[in-house]
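Asker:
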Amino acid sequence: MLEHELQVNNRLGLHARAAAKLVQLLSGFKAQATLTGRGREVNAKSIMGVLLLAAAPGATLLLRVDGEDEAAAAAAVAALFERRFDEDD
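Here you go:
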């Protein structure tokens, strides 16, 4: 299992479009993934779960990834967060 701390740096936070990009990205991996924020842990492959976090800009989330392709999944998610979900700011 890998853990990685992520910061939400895009202007609108983890809104519907950003959450959809995250879920779509993770759907390509076999590893299980969860996100934890504000005392709540959710399935990171579930759009409803990710939206329940209501992660605002500047929020810190903990990503946990477990499975055969966990390293690749964690790296891909970290890159998506670093790119601010490919949104124009």
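Numbering (our numbering), first residue to last: 1123 to 1211.
Note that CB positions come from ideal geometry on N, CA and C, so glycine has one too.
Is the beta carbon of LEU1128 sitting closer than 8 Å to the one on LEU1185?
Answerer: For this step, residue 1128 is matched to residue 6 along the sequence shown. For this step, residue 1185 is matched to residue 63 along the sequence shown. Yes, these two residues count as a Cβ contact at 8 Å.
Asker: Who are the near neighbours of GLN1154 in its chain, counting only those whose CB is closer than 6 Å to its CB and skipping five residues on each side?
Answerer: Within the sequence shown, the letter at position 32 stands for residue 1154. Excluding residues within five positions, the ones whose Cβ falls inside 6 Å are ASP1188, GLY1189.
Asker: Note down, in chain order, each residue of its chain lying with its Cβ closer than 6 Å to the Cβ of PHE1151, except the 5 sequence neighbours on either side.
Answerer: In the sequence shown, the residue the question calls residue 1151 occupies position 29. Cβ neighbours of PHE1151 beyond the five flanking positions: ASP1191, ALA1195.
Asker: Using C-beta distances below 7 Å, list every residue in its chain close to ALA1193, excluding the 5 sequence neighbours before and after it, in chain order.
Answerer: Sequence index remark: in the sequence shown, residue 1193 carries index 71 (1-based). Correct list, in chain order: LEU1124.
Asker: Identify, in the order they occur along the chain, each residue of the same chain with its Cβ nearer than 8 Å to the Cβ of LEU1104, setting aside the five sequence neighbours on each side.
Answerer: Residue 1104 falls outside the range modelled here, since the chain spans only 1123 to 1211, and no answer is possible.
Asker: So is GLY1159 buried or exposed if we call it buried at 16+ other beta carbons inside 10 Å?
Answerer: In the sequence shown, counting from the first residue as 1, residue 1159 sits at position 37. Per the 10 Å Cβ criterion, buried.
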